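Accompanying notes for the structure given below.
In our numbering, the protein residues as written are 17 to 348.
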């Protein structure tokens with residue numbers, strides 16, 4: 017018989033120390049430990065929290081944003097690194113699964129990546145955003161199917177997506193097919209203009225839909241916008257007016273789409289909920305999009321979960337080097 021544990025989960029709402037890797041990691045680790053001390057077993061963080069979301073891409077032209085990109089590049093997370101070690105230590109001390117969204121640097125490119133740490137501090141999975149949204153393409157490269165994990169754990173099946181990935185039906189179906197039960201939904205802030213596609217309510221709508229469609233608990237974790245971030249990134253009054261302070265929307269949703277707990281839009285802290293995975297069962301009675309409520313005779317989705325690289329280097333080339341001494345011997 018499948019186990020349906022009861023547990024406490026947490027979604028963190030916070031601001032980064034903008035473009036400061038060490039300071040932001042220190043702050044994230046503090047929230048991991050705080051949530052662990054409160055008894056949380058799964059902890060979710062906002063999108064690109066380390067070292068901050070690149071809001072300049074929506075405020076400025078690419079040339080003006082170059083200086084910020086250089087800072088982001090220098091403050092991105094490499095694997096392995098001291099930053100990863102600190103996050104690992106915090107998860108181990110908390111005795112919890114922690115999902116931390118970071119700008120990851122691999123070789124010379126950046127990616128938007130959720131890192132999953134287990135209660136022993138192991139890095140047990142990562143998910144790269146499959147397709148950066150619009151201007152985000154000037155910052156982050158694409159993920160691929162080898163990084164769409166749902167982790168089978170003692171607290172249920174854990175997975176996550178980031179921001180507008182929640183609007184893509186194929187992403188949702190891929191996670192449903194892996195029987196996800198607890199979902200970390202990582203977001204930046206919502207914009208104050210209620211008609212903007214990035215507005216708070218639109219972000220909430222995406223998580224509401226995801227929870228009910230996939231019949232899972234959703235830890236929707238967002239950032240908040242602060243004076244410090246505005247001072248760091250904004251050059252004009254118009255750029256400051258675009259954002260608006262606060263504008264977080266961190267919540268925890270049940271598998272029926274109902275809100276279990278939430279934080280005020282300008283509050284930095286941890287949102288908690290005590291959940292029972294057995295509450296998923298009545299929802300699955302009505303809808304299991306990867307099972308009884310699917311129509312595979314008409315529609316099917318094929319997901320390639322293997323790794324893809326643009327360049328494959330085959331074989332091992334023979335050295336084409338000579339030492340200084342060897343070169344000098346040619347004249348002997």
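Quick reminder that beta carbons are idealized off the backbone N, C-alpha and C, glycines included.
Treat the numbers as computed from the prediction; the structure is a model and nothing was measured.
By Cβ distance, which residues of its chain are closer than 7 angstroms to residue i, with the 5 residues on each side in sequence left out?
i          : result
residue 49 : 106, 109, 110
residue 39 : 33
For residue i, count neighbouring Cβ atoms within 10 angstroms of its own Cβ and tell me buried if that reaches 16, exposed if not.
i           : result
residue 286 : buried
residue 257 : exposed
residue 350 : Past the edges of the chain, shown from 17 to 348, lies residue 350, and the structure says nothing about it.
residue 274 : exposed
residue 328 : exposed
residue 259 : buried
residue 190 : buried
residue 322 : exposed
residue 81  : buried
residue 242 : buried
residue 270 : buried
residue 178 : buried
residue 326 : exposed
Given residue i, which residues of its chain have a CB within under 8 angstroms of its CB, disregarding the five upstream and five downstream residues?
i           : result
residue 240 : 29, 30, 31, 205, 261, 262, 263, 264, 281, 282, 283, 284
residue 207 : 214, 215, 216, 258, 259, 260, 263
residue 311 : none
Using a Cβ-Cβ cut-off of 6 angstroms (strictly less than) and excluding sequence neighbours within five positions of residue i, which residues of its own chain qualify?
i           : result
residue 75  : 255
residue 320 : 161
residue 87  : 35
residue 324 : 160
residue 220 : 265
residue 200 : 60, 115, 176, 235
residue 182 : 222, 226
residue 78  : 154
residue 51  : 26, 59, 286
Looking at residue i: is its Cβ nearer than 9 angstroms to the Cβ of residue j?
i           : j           : result
residue 91  : residue 67  : yes
residue 272 : residue 298 : yes
residue 45  : residue 102 : yes
residue 72  : residue 119 : no
residue 225 : residue 198 : no
residue 229 : residue 305 : yes
residue 202 : residue 117 : yes
residue 23  : residue 293 : yes
residue 303 : residue 20  : no
residue 231 : residue 300 : yes
residue 288 : residue 41  : no
Could you round the C-beta distance between residue i and residue j to whole angstroms and report it? I think they count as a contact, below 8 angstroms.
i           : j           : result
residue 268 : residue 112 : With 8 angstroms as the limit, residue 268 and residue 112 do not qualify as a contact, their Cβ atoms being about 15 angstroms apart.
residue 187 : residue 173 : Not confirmed; about 16 angstroms, so no contact.
residue 99  : residue 37  : 6 angstroms
residue 276 : residue 266 : About 12 angstroms; that fails the 8 angstroms criterion.
Rounded to whole angstroms, what's the CA-CA distance from residue i to residue j? Just pull it up for me.
i           : j           : result
residue 192 : residue 43  : 33 angstroms
residue 395 : residue 290 : Only positions 17 to 348 of the chain appear in this structure, which leaves residue 395 out of reach.
residue 56  : residue 147 : 31 angstroms
residue 70  : residue 307 : 39 angstroms
residue 141 : residue 211 : 36 angstroms
residue 317 : residue 164 : 15 angstroms
residue 159 : residue 340 : 44 angstroms
residue 153 : residue 335 : 38 angstroms
residue 132 : residue 97  : 15 angstroms
residue 83  : residue 89  : 10 angstroms
residue 65  : residue 249 : 15 angstroms
residue 136 : residue 59  : 14 angstroms
residue 215 : residue 53  : 33 angstroms
residue 144 : residue 251 : 31 angstroms
residue 138 : residue 338 : 43 angstroms
residue 167 : residue 245 : 34 angstroms
residue 93  : residue 124 : 12 angstroms
residue 315 : residue 309 : 12 angstroms
residue 344 : residue 85  : 46 angstroms
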